[in-house]
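Heads up: the sequence shown is residues 81 to 386, going by the working numbering.
Heads up: the structure comes next, in structure tokens.
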Amino acid sequence: MKNNNLGGVRYLVFNEVFMLLHILIVKIIVGDFPAIQIVFIRCLASSIILLPLFITQKRLSEMNQDLGLNALRVGFTTLAITINFFTISQIQLAQVSTIGYLRPAVVSVIAWCFLGEQQSWYRWGVIAAGFAAIWLIFSPESSFLQLVALLAVAGMFCGSAATILQKHLSKTMRDLPLMGCYSIGVAITSCPFALYFWKPPSVEAWILMIMTGLLATSAQLFFIRAFRNSEASFLAPMFYFHIIPVTAIGYFFFDELPSKNTVICALCILASLIGMAVLEKRRSTSMALISGSSNITLGFLRKSTE
81 MKNNNLGGVR YLVFNEVFML LHILIVKIIV GDFPAIQIVF IRCLASSIIL LPLFITQKRL
141 SEMNQDLGLN ALRVGFTTLA ITINFFTISQ IQLAQVSTIG YLRPAVVSVI AWCFLGEQQS
201 WYRWGVIAAG FAAIWLIFSP ESSFLQLVAL LAVAGMFCGS AATILQKHLS KTMRDLPLMG
261 CYSIGVAITS CPFALYFWKP PSVEAWILMI MTGLLATSAQ LFFIRAFRNS EASFLAPMFY
321 FHIIPVTAIG YFFFDELPSK NTVICALCIL ASLIGMAVLE KRRSTSMALI SGSSNITLGF
381 LRKSTE
């Protein structure tokens, strides 16, 4: 299929708008309700949206594939979302977003530990710089906020593990079954904990919680469409600017003014990620050129010996 980069950007913009609205609503309500309750209602709403699609397209049976790996993915995802919602209630949105930039680095660490994937020296440099930056951001904060930051990093490890599992499962499962296992599985997993910590919501709170499910599902569909229409290398750099609207939401809606440490460290992490992307792009180009020249040389030698 021919890539339509501009069409992919359009879908990615919709994804960003819906995710920003989702973050805004979560930030509004998470201080009044347990994070696990919001996770449950969000995923329940998403499941209600997706079930008719499964029935009409007759794909319910596809959800039975790789039940063990899907269950593990659901467990990691439940922990990751719950921790993310809790940290949103405790620290600034700019800080949450800055920690989120470490996800590619965390994925690399997990891939190295459990999959044996070799990592380049500059990738290890970015990993070290990223964690050092997070330490500098929270070093002046109270011990409680430092614990929240550690919890956020732990949640990111869970989310990264879920991402690796999803990448593996996507080789044999379609997008809709993957989304269905995610939403229905997390709703089932979070249900008993949500009921235990349940706080009766008002009508307005119910509407907002249900909206998080609608927004998250729509954003995920736009995300899938974006990467289906465009090259991943074209879209990836645009995620680096996610912190700008997130910081604006924190400032204008919640009076959150990022500290100098947060701004400087966020810029350092972004610069490291962009530098790593450039170096890896050059490395892949060089390897392709070397491979191409080797093939040409081998072809010439074969012809000369005939």
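Backbone N, C-alpha and C fix where the C-beta goes; we use that ideal spot for every residue, glycine too.
Straight-line gap, residue i to residue j (C-alpha atoms, nearest Å)
i: Asp112; j: Phe273; result: 16 angstroms
i: Lys251; j: Leu337; result: 43 angstroms
i: Ala351; j: Phe134; result: 43 angstroms
i: Val89; j: Met356; result: 23 angstroms
i: Ile118; j: Arg362; result: 44 angstroms
i: Ile60; j: Ile109; result: Outside the shown range of the chain (81 to 386) lies residue 60, about which nothing can therefore be said.
i: Leu295; j: Phe224; result: 31 angstroms
i: Thr327; j: Pro132; result: 37 angstroms
i: Cys271; j: Gly180; result: 26 angstroms
i: Ile349; j: Gly87; result: 29 angstroms
i: Leu68; j: Met289; result: It is not possible to answer for residue 68, since the shown part of the chain is limited to 81 through 386.
i: Ala346; j: Ile354; result: 12 angstroms
i: Pro325; j: Ile287; result: 24 angstroms
i: Asn144; j: Pro220; result: 49 angstroms
i: Asn85; j: Pro281; result: 43 angstroms
i: Asn309; j: Tyr91; result: 9 angstroms
i: Ser339; j: Ser177; result: 14 angstroms
i: Lys247; j: Gly205; result: 25 angstroms
Per-residue DSSP class, three states only, for residue i
i: Leu129; result: Note that residue 129 is Ile in the sequence shown here, rather than Leu. The answer is helix: DSSP assigns Ile129 an H, G or I state.
i: Ile349; result: helix
i: Phe94; result: helix
i: Phe224; result: helix
i: Gln198; result: coil
i: Met236; result: helix
i: Val110; result: coil
i: Lys361; result: helix
i: Lys247; result: helix
i: Thr136; result: helix
First through last residue of the alpha helix (DSSP H) which encompasses residue i
i: Asn164; result: 147 to 170
i: Met259; result: 255 to 276
i: Leu182; result: Note, Leu182: premise wrong, no alpha helix (DSSP H); not H, not E.
Any non-hydrogen atom of the ligand HEM closer than 6 angstroms to residue i Cβ
i: Gly210; result: The ligand HEM is absent from the structure shown, which contains no ligands of any kind.
Residue i at chain B interface by Cβ criterion, 7 angstroms
i: Ala241; result: No chain B appears in this structure, which consists of one protein chain only.
Where in the segment 283 to 353 do unbroken runs of the alpha helix (DSSP H), each at least 4 residues long, occur, reported from the N-terminal end onward?
-> Counting whole runs of 4 or more residues, the segment 283 to 353 contains the alpha helix (DSSP H) stretches 283 to 309, 312 to 315, 323 to 334.
Touching or not, the segment 257 to 275 and the segment 112 to 132, by the rule of three or more beta carbon pairs under 8 angstroms?
-> Result yes; three or more Cβ-Cβ pairs closer than 8 angstroms.
Contact between the segment 199 to 209 and the segment 153 to 171 (3+ Cβ pairs under 8 angstroms) | The answer is no - the segment 153 to 171 does not touch the segment 199 to 209, with fewer than three Cβ pairs under 8 angstroms.
Are there three or more Cβ pairs, one per stretch, closer than 8 angstroms when the segment 297 to 312 is compared with the segment 91 to 101?
-> The segment 297 to 312 is in contact with the segment 91 to 101.
On the three-pair Cβ rule with 8 angstroms, is the segment 187 to 195 touching the segment 238 to 247?
-> Note that the segment 187 to 195 touches the segment 238 to 247; at least 3 beta-carbon pairs, one per stretch, sit closer than 8 angstroms.
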